[in-house]
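Letter by letter, the sequence shown follows residues 1 to 492 of UniProt numbering.
Just so it is clear, CB atoms sit at the ideal spot from N, CA and C, and this is done for glycine as well.
Since we're looking at a predicted model, the values are computed, not measured.
First comes the structure, then the notes that go with it.
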Amino acid sequence: MTDIALDRRHVPADLPERIQHYIDGEFVDSVDGGTFDVLEPVSNDVYLQAAAGQRADVDRAVAAARRAFADGPWPRMLPRERSRVLHRIADIVESRDARLAELESFDSGLPITQALGQARRAAENFRFFADLVVAQADDTFKVPGRQINYVNRKPIGVAGLITPWNTPFMLESWKLAPALATGNTVVLKPAEFTPLSASLWAGIFEEAGLPRGVFNLVNGLGEEAGDALVKHPDVPLISFTGESRTGQIIFANAAPHLKGLSMELGGKSPAIVFADADLDAAIDATIFGVFSLNGERCTAGSRILVQRAVYDEFVERYAAQAKRVKVGYPHDPATELGALVHPEHYAKVMSYVEIGKSEGRLVAGGGQPDGFTFGNFVAPTVFADVPRDARIFQEEIFGPVVAITPFDTDEEALALANDTKYGLAAYIWTNDLKRAHNVAQAVEAGMVWLNSNNVRDLRTPFGGVKASGLGHEGGYRSIDFYTDQQAVHITL
Ligand code: NAD
């Protein structure tokens, strides 16, 4: 990295030099004193050391969470009382929006304007679940003169929350909020590439009045701290978001304990553009769908299937627009595509860019962007004419790389859309109402957007089918995951 490039990098003020675990209301180092390096993605310089949790640290955190569950006030509080704490958390998160975004953008390479949205969404997740547990109504059934049957809903215990590095703070909130709202206690294991923003939760929770031991955080590598959490006998629930391959390992490791599992996994989501679609809107949305959040988005529309009649026009306009996506320093408000999270992930994405050059026709990007030959910058990259057996069609790249493939009929579009192991999201662009609903019904995806992008009510189910996940988050589905429903029957 040149000196000039370094000078233009933004380093937030008051960065910590080390990050500890947070166990039973105290910041602590690992029992063995071990740490790991954390890099920032513009220079790939190591900027802090984080405590590397091992089994002994997870044991301490789980013991604290168990005590708080068994003896503490949190599971016994009225939903209304817990809700007040959650609303205070939301207010604090929102009031720190700018700082959170600055740290998240620095640590993960997300463009600052997009990092700002993430903090607001995290606050919204807390508000949403705070309101939901107060409004919660459970089933009661009466057979007159014979019996009454009702449901006792109870928190389960210590929830293990394991999260990825893309939009880390927001995704942590998506698990923390329902787990806490329902009265559980938690141990969070954030992603090792991006531990910075997670370290802020402890202060936020203390300030909001969350009782000691309810929230615990253990930093560390997945194969160490994450593995110990999954295998811990006193953690009955694991909520995991990450790669499908990791999900398989966690599934196997949780099996001996028959744990409750919620898995939000990888994707290779299709955007299907029919010839009758509003092409301007489809192009704008599919550009956003794969290049926003640096392409590090689980629901990225990373395969675009385009009907032959508009295919050439679409490819030409799409490539031209992709070239206009502004790559830049993550802190620059003009930046639309920042730096990928880590040199390991950068190497993986770049390897797919090279693979793509022999599998498809490169029409935009294909390497480092002009002026950004340091750090983890990748030019928005577009391959056209990509066949269905290509690796860049089948495998999740998780970066700013998209494959475009032509089709002729609705049947062919569906066959292409469904021809991967994944099934997270699908996007359908057509002005034919019947076709939109019929294709939505037949596409193998947990979530479908019709002529739209990036809108979602938090009450709807979020999750994938096939290799993209197990179970759903969102609304009452999260409440159900984090609670036992005990049926009580009385004879009259
Ligand atoms: P990852 O699977 O490598 O890691 C996710 C988390 O799991 C990290 O905290 C990691 O330390 C931990 N981990 C790794 N190995 C483990 C093990 N053996 N036992 C326990 N924990 C372990 O995923 P990532 O690279 O951080 O995130 C990117 C992936 O996440 C992509 O595949 C993306 O599609 C997916 N994702 C999915 C959603 C969704 O909602 N479906 C949302 C965001 C990201």
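Exclusion of valine 290 from the 8 Å shell around the ligand NAD follows from its C-beta lying no nearer than that to any non-hydrogen atom of the ligand. Within 8 Å of the C-beta of asparagine 418 there is not a single heavy atom belonging to the ligand NAD. Taken in chain order, the complete beta strand (DSSP E) segments of 3 or more residues contained in the region 11 to 46 are 21 to 23, 26 to 28, 35 to 39. Going by beta carbons, phenylalanine 128 and leucine 337 fall outside the 9 Å limit. Taken in chain order, the unbroken stretches of alpha helix (DSSP H) that lie wholly in the region 254 to 301 and span 4 residues or more are 279 to 291.
Runs of the alpha helix (DSSP H) spanning 4 or more residues and lying entirely within the region 165 to 194 occur at 168 to 181, in chain order. Under DSSP, the beta-bridge partners assigned to histidine 489 are Asn149. Counting C-beta pairs with one atom in each stretch, the region 368 to 379 and the region 141 to 157 have fewer than three that are closer than 8 Å, which means they do not touch. Just measuring C-alpha positions, the residue of Arg391, Asn451, Pro256 sitting nearest valine 353 is Arg391. Leaving aside the five residues that flank serine 173 on each side, the residues in its chain whose CB is nearer than 7 Å to its CB run, in chain order, Ala122, Asn125, Phe126. Straight through space, the alpha carbons of aspartate 410 and aspartate 71 are spaced by roughly 59 Å. For valine 58, the closest C-alpha among the options Ser108, Leu161, Ala101, Trp449 is that of Leu161. Secondary structure within the region 103 to 134: not one fully enclosed beta strand (DSSP E) run of 3 or more consecutive residues is present. Where methionine 77 is concerned, there is no enclosing alpha helix (DSSP H), because DSSP gives it neither an H nor an E. Cβ atoms of glutamate 296 and leucine 340 come within 8 Å of each other, at about 7 Å.
Around the beta carbon of lysine 326, fewer than 16 other beta carbons sit within 10 angstroms, so the residue counts as exposed. Inside the region 350 to 396, DSSP marks whole alpha helix (DSSP H) runs of 4 or more residues at positions 391 to 394, from first to last along the chain. Collapsing the DSSP output to three states places leucine 424 in coil.
Look at isoleucine 162: its beta carbon is less than 8 Å from one of the heavy atoms in the ligand NAD. Sequence-distant partners of tyrosine 346 (beyond 5 residues in either direction) whose C-beta falls short of 6 Å from its own C-beta, in its chain, are Leu340, Asn376. Distances between the C-beta of isoleucine 392 and the heavy atoms of the ligand NAD are all 8 Å or more.
Cβ-Cβ distances below 7 Å link arginine 99 to nothing in the same chain once the five nearest sequence neighbours on each side are left out. Closest in alpha carbon position to histidine 472, among Pro79, Asp29, Phe240, Asp131, is Phe240.
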